[in-house]
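Beneath this line is the structure, given in structure tokens, with notes to follow.
In the numbering used here, the protein residues as written are 83 to 387.
Written out as structure tokens, the structure reads:
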């Protein structure tokens, strides 16, 4: 009985609230009632994505590119090339956003490099060149963009190109270059040329903080002005014409190094190893990660036989 009374009381209160709401609505001017209805309709409707501002659309595109999802057991990645193919409006948005063009990967044709550099004006570019793109036309286009190249990666550099590439690299100034990564092809029987000096100095690469070399194409610079400024030095499968004592000098100068990795490194011209008890202690005050995997000593006189 009491439950029925409670229910009836709640129903009466609801009816009272409805009557009060109707009375208030009658007192509102027609313009205010229409405004309230329009706001309600807007909140309940779904705006098309193309009505969003350009900067919001670009942020959405970046999230889609960086966060892959799993479809039928495979990771699916979207890049901006597939996104801009959806419609003309999306293409316009991406083409007008310089940040969408700053990461440039060139596989063969230099025209692609030129288009990307023109569209990423006012932002620094991250350029990756694969072996089929390392010809004079590509290097000519890149030579005009050295003031905006923030990082440079060379993939599968062929042995016969090491000398010309080193000359081209050191003949130019790279004011904002922070990172360089060169990966040469694995050694072949016909590749008997010695590794080339990467040749960079603090004069032509004042902002360089990361140097990564892989393969026999290059060895770290003989000139030591860069080493105090490097934060990352990674060498893998490299041949370095340096003595163990000189290596300690180089490490000692790396006062800002945070990550140093020497993996499968061969020291040319090094004869023997110093007495461990007499070797000096080198301190790397900012180093967070260090690795020294199999390191080899090869006397050049033995190597030529």
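Ideal placement from N, C-alpha and C gives every residue a C-beta, glycine not left out. Keep in mind the model is a prediction, meaning the values are calculated, not measured.
- prompt: So residue 445 packs on residue 195, CB below 8 Å; how close in whole Å?
  reply: Any property of residue 445 remains undetermined from this structure, which presents the chain solely from 83 to 387.
- prompt: With a Cβ-Cβ cutoff of 8 Å, do residue 290 and residue 315 count as a contact?
  reply: No, the Cβ-Cβ distance between residue 290 and residue 315 is not below 8 Å.
- request: Would you please state the rounded distance, in angstroms, between the beta carbons of residue 369 and residue 347? I believe it to be under 8 Å.
  value: About 17 Å separates the two Cβ atoms, so there is no contact after all.
- request: Would you mind working out which of 277, 215 and 288 sits nearest residue 244, comparing C-alpha positions?
  value: When only C-alpha atoms are compared, the closest one is 277.
task: Within the same chain, show all residues whose beta-carbon is closer than 6 Å to that of residue 261, passing over the 5 residues directly before and after it, in chain order.
output: Here the set comprises 233 and 292.
query: Taking the C-alpha atoms as reference points, what is the distance between residue 193 and residue 219?
result: Distance between the alpha carbons of residue 193 and residue 219: 9 Å.
query: With a Cβ-Cβ cutoff of 8 Å, do residue 215 and residue 190 count as a contact?
result: Yes; because the gap between Cβ atoms is below 8 Å, this pair is in contact.
field: residue 240 versus 340, 230, 166 and 297, residue with shortest Cα-Cα distance
entry: Of the residues 340, 230, 166 and 297, the one whose Cα lies closest to the Cα of residue 240 is 297.
field: residue 337 vs residue 303 beta-carbon contact at 8 Å
entry: The answer is no: Cβ separation not under 8 Å.
query: Distance, Cα to Cα, residue 209 vs residue 330?
result: If you take the alpha carbons of residue 209 and residue 330, they lie about 33 Å apart.
message: Going by the DSSP bridge assignment, what does residue 231 pair with across the sheet?
response: Looking at the DSSP assignment, residue 231 forms a beta bridge with 207.
message: Excluding the 5 residues flanking residue 271 on each side, which residues of the same chain have their C-beta closer than 8 Å to its C-beta?
response: Note that residue 271 scores a pLDDT of 48, beneath 50, so its modelled location is shaky; the value from the coordinates is reported in the next line. Contacts found: none.
field: Of the residues 238, 266, 283 and 247, the one placed nearest residue 259, counting alpha carbons only
entry: Looking at the Cα atoms, 283 is the closest of the given residues.
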